[in-house]
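Take a look at the structure below.
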Amino acid sequence: MDSRRFATIHSCTRGFSQAGRTGSEDSEVWMEAGAMLRRLNELEVAIFSRSASNLLNHGNGSIVVDDELIASRASDVEQKIVSNRKTGKEGPVADCVACALSSALLGMRLRVKNDPENVEQLLHTLPLSTASGNDLEVAFDLEVAFDRGYGKLSSVEAIASRNLHVVTVAGTLGSRHPFNTSDEWMSTLKKWNTKRGVDQQKTLSWTKLCEDWNLRGEPMLGEEVRIAERVRVGEKPMYAFALREVFDRKNPVKHLKFFASKNHRPYTFVAVGAFR
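Everything in the sequence shown is counted per this note's numbering, starting at 169 for the first residue and increasing by one.
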């Protein structure tokens, strides 16, 4: 390829501002400052389209979604994220989807500000539709697993609406998981009383209501699994799991909380309820 032609293509696909570049927004090589990462969407889809078409197992496949920090030392990067776990690295973050069995990367989408539906848009780039353009039929059985940072009820429900089987660890904050420990309930109750000034009678009734959803932390109680089902008219059920683990070397008791769009039953559950 001619070097001049390569330079032209490179300037059109570059995600960050180029030193000394001139032009207007209407020209072919100009990219507006502050909105460059999102302009790479078509390139992201083109890069992984063949991998997603050939390596995605619709029948009984399993895919995982996680974020990846793309380190960059350039001073003109549009958006930089600093991670405490990755010392000396900062740059944009990309949501990635990969096959859980082969580790093949099936898609990637750079994350920008004020875009909470980035993961949903990433999954839309995968060939998850039938020939008629509808969502997956019953014959498909594809499972999606997420990192803890994606474990919010609203996000899980939105992705499960595409007939995907979702399982993820519930996030620590804002996940809306129904099962919580006594400390979590009391912390929420104190904030609630401070903001709303609820009287004593309402506080007692609310505390009694939470007893059925309380996760006890005594290590002598042993292991326990609890499950609740969320059902809405016209929608598929959503399940919330809570596991009390007593075999961790560092903590005498550890509570693990999950969301799932289908009923995974690795253990016999001891309590069933319905949450809103």
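The C-beta atom is built at its ideal place from N, Cα and C for all residues, glycine as well.
Sub-8 Å separation of residue i and residue j beta-carbons
i: S429; j: V280; result: no
i: K320; j: S343; result: yes
i: R277; j: E352; result: no
i: V393; j: F409; result: yes
i: L291; j: I327; result: yes
i: T336; j: A313; result: yes
i: P346; j: A268; result: no
i: N382; j: S355; result: no
i: R412; j: E379; result: no
Those residues which DSSP pairs with residue i across a bridge
i: F409; result: I395, F426
i: M230; result: Note that residue 230 is Ser in the sequence shown here, rather than Met. Its beta-bridge partners are E311.
i: T176; result: Answer is none; T176 lacks a bridge partner.
i: L294; result: L294 pairs with nothing; no bridge assigned.
i: L278; result: A262
i: L273; result: A266
Coil, strand or helix - residue i by DSSP
i: T162; result: For residue 162 there is no data in the structure shown, the boundaries of the chain being 169 and 444.
i: V213; result: helix
i: L223; result: helix
i: A266; result: strand
i: D235; result: strand
i: R241; result: coil
i: M354; result: helix
i: T349; result: strand
i: N382; result: strand
i: L321; result: helix
i: R206; result: helix
i: S329; result: coil
i: S373; result: helix
i: E288; result: helix
i: S171; result: helix
i: K418; result: coil
i: V344; result: For the sequence presented, residue 344 should be read as Arg rather than Val. The answer is coil: DSSP assigns R344 none of H, G, I, E or B.
Where residue i falls, given that 16 or more other Cβ within 10 Å makes a residue buried
i: N348; result: buried
i: E285; result: exposed
i: A242; result: exposed
i: L310; result: buried
i: R172; result: exposed
i: A214; result: exposed
i: D170; result: exposed
i: E246; result: buried
i: V265; result: buried
i: V287; result: buried
i: K358; result: exposed
i: L332; result: buried
i: R384; result: exposed
Distance between beta carbons of residue j and residue i, contact taken as under 8 Å
i: D315; j: V233; result: 7 Å
i: F216; j: V324; result: No, F216 and V324 are not in contact; Cβ-Cβ is about 24 Å, not under 8 Å.
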